[in-house]
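Student:
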Amino acid sequence: MNISPQIKNKNFENRFDLHFKDKLLTDISVDSVFELIRDIKDPEHPYTLEELNVVRKDLIKIYQLKDEYVVEDIINCIEVQFEPTIPHCSMAAIIGLIIKILLEKYIKGYYIIVSILEGSHVNDKMLNKQLKDKDRVQAASENEALLEIIDECLVSIIDKYDL
10 MNISPQIKNK
20 NFENRFDLHF
30 KDKLLTDISV
40 DSVFELIRDI
50 KDPEHPYTLE
60 ELNVVRKDLI
70 KIYQLKDEYV
80 VEDIINCIEV
90 QFEPTIPHCS
100 MAAIIGLIIK
110 ILLEKYIKGY
120 YIIVSILEGS
130 HVNDKMLNKQ
140 LKDKDRVQAA
150 SENEALLEII
160 DECLVSIIDK
170 YDL
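Listed below in structure tokens is the structure:
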């Protein structure tokens with residue numbers, strides 16, 4: 010646990026208007042993805058992930074992949090990397106899970122990839138493997154204890170956009 014985290018980001022990004030239809034984000038861009046995740050509350054502290062510089066716009070990518078098995082199939086991808094406040098952050102997996110759940114809930118038609126920035130955590134490879142494992146993510150998203158933490162971290166976003 011980072012006992013006294015520093016607010017690293019004092020130069021906040023400009024706000025971006027989000028638009029939803031049937032509770033789904035309609036305009037998918039780096040700006041809109043960042044806007045959606047920036048106000049996630051840190052699980053341990055009363056700060057947002059943007060304030061702690063855990064999420065940054067430059068760590069978000071949107072791109073298309075061609076499926077190597079189906080020649081004409083294109084996969085839209087959103088990749089979000091994040092940087093924990095300390096290299097041994099005990100909440101890194103939960104932060105990744107929260108980001109992934111939020112994006113998958115409000116963005117459809119995209120393959121969502123969430124990972125810890127390489128070298129920013131002592132267990133980044135192992136935790137990234139867990140975040141890529143669909144079964145683990147599904148099981149974690151159904152765990153009552155984790156759901157309480159997730160809901161607490163997302164409440165301001167859900168209230169803000171009336172979702």
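The sequence shown begins at 10 in the working numbering and counts up one residue at a time.
Ideal placement from N, C-alpha and C gives every residue a C-beta, glycine not left out.
Given I46, which residues of its chain have a CB within under 6 Å of its CB, disregarding the five upstream and five downstream residues?
Tutor: Residue 46 sits at position 37 when you count from the first residue of the sequence shown. So the list reads V64, I108, once near-sequence residues are dropped.
Student: Give me, in chain order, the residues of the same chain whose beta-carbon lies closer than 7 Å to that of I110; leave out the 5 immediate sequence neighbours on both sides.
Tutor: Locating residue 110 in the sequence shown gives position 101, counting from the first residue. Here the set comprises S150, I159.
Student: Let me know the secondary structure DSSP gives I49 once reduced to three states.
Tutor: Along the sequence shown, read from residue 1 onward, the residue named residue 49 stands at position 40. If DSSP states are grouped into helix, strand and coil, I49 belongs with coil.
Student: Candidates I69, K30, D133: which alpha carbon is nearest K114's?
Tutor: Here the question's residue 114 lines up with position 105 in the sequence shown. Out of I69, K30, D133, K30 has the C-alpha closest to the C-alpha of K114.
Student: Could you check how far apart the C-beta atoms of Q90 and S124 are, in whole angstroms? I think they sit under 8 Å.
Tutor: The count along the sequence shown starts at 1 and reaches residue 90 at position 81. The count along the sequence shown starts at 1 and reaches residue 124 at position 115. Indeed they touch by this definition, with Cβ atoms about 5 Å apart.
Student: Shortest alpha-carbon distance to K75 belongs to which of L136, L172, Y120, M100?
Tutor: Residue 75 sits at position 66 when you count from the first residue of the sequence shown. Residue Y120 is the option with its Cα nearest to K75.
Student: Do K66 and F43 come within 8 Å of each other at the CB atom, strictly closer than that value?
Tutor: Residue mapping note: residue 43 aligns to position 34 of the sequence shown, counting from 1. Residue mapping note: residue 66 aligns to position 57 of the sequence shown, counting from 1. Yes, the pair counts as a contact, with Cβ atoms nearer than the cut-off.
Student: Any idea which residues DSSP pairs T94 with across the strands?
Tutor: If you number the sequence shown from 1, residue 94 lands on position 85. Looking at the DSSP assignment, T94 forms no beta bridge with any residue, so it has no partner.
Student: Is the CB-CB distance between I95 and I116 below 8 Å?
Tutor: In the sequence shown, counting from the first residue as 1, residue 95 sits at position 86. In the sequence shown, counting from the first residue as 1, residue 116 sits at position 107. Not in contact: I95 and I116 (Cβ atoms no closer than 8 Å).
Student: Rank T35, I103, S99 by C-alpha distance to the C-alpha of L163 and give the top, closest one.
Tutor: Here residue 163 corresponds to residue number 154 of the sequence shown, with the count starting at 1. Among T35, I103, S99, the Cα nearest to that of L163 belongs to I103.
Student: Over what stretch of residues does the alpha helix (DSSP H) that includes V123 continue unbroken?
Tutor: Mapped onto the sequence shown, residue 123 falls at position 114. Taken as a continuous stretch (DSSP letters only), V123 belongs to no alpha helix (DSSP H), being part of the beta strand (DSSP E) at 120-125.
Student: When the Cα of D40 is compared with those of L27, E127, I122, which residue comes out closest?
Tutor: As a position in the sequence shown, residue 40 is number 31, starting the count at 1. When each option's Cα is compared against that of D40, the closest is L27.
Student: What would DSSP say about N62, mapped onto helix, strand or coil?
Tutor: Numbered from 1 along the sequence shown, position 53 holds the residue referred to as residue 62. Here N62 sits in coil by DSSP.
Student: With distances taken Cα to Cα, identify the nearest neighbour of N23 among Q73, H130, C98, D48.
Tutor: Reading the sequence shown from its first residue, position 14 is the one you call residue 23. The residue with the shortest Cα to Cα distance from N23 is D48.
Student: Evaluate E127 with the Cβ neighbour count: other Cβ atoms within 10 Å of its Cβ, from every protein chain shown; 16 or more gives buried, anything less gives exposed.
Tutor: For this step, residue 127 is matched to residue 118 along the sequence shown. E127 is exposed by the Cβ-count criterion.
Student: Grouping DSSP H, G and I as helix and E and B as strand, with all else coil, what is I29?
Tutor: By 1-based counting over the sequence shown, the position of residue 29 is 20. A quick correction: the sequence has Phe, not Ile, at residue 29. Strand at F29.
Student: Does DSSP classify E177 as helix, strand or coil?
Tutor: With the chain represented from 10 up to 172, any question about residue 177 goes unanswered, as that position is not in the structure.
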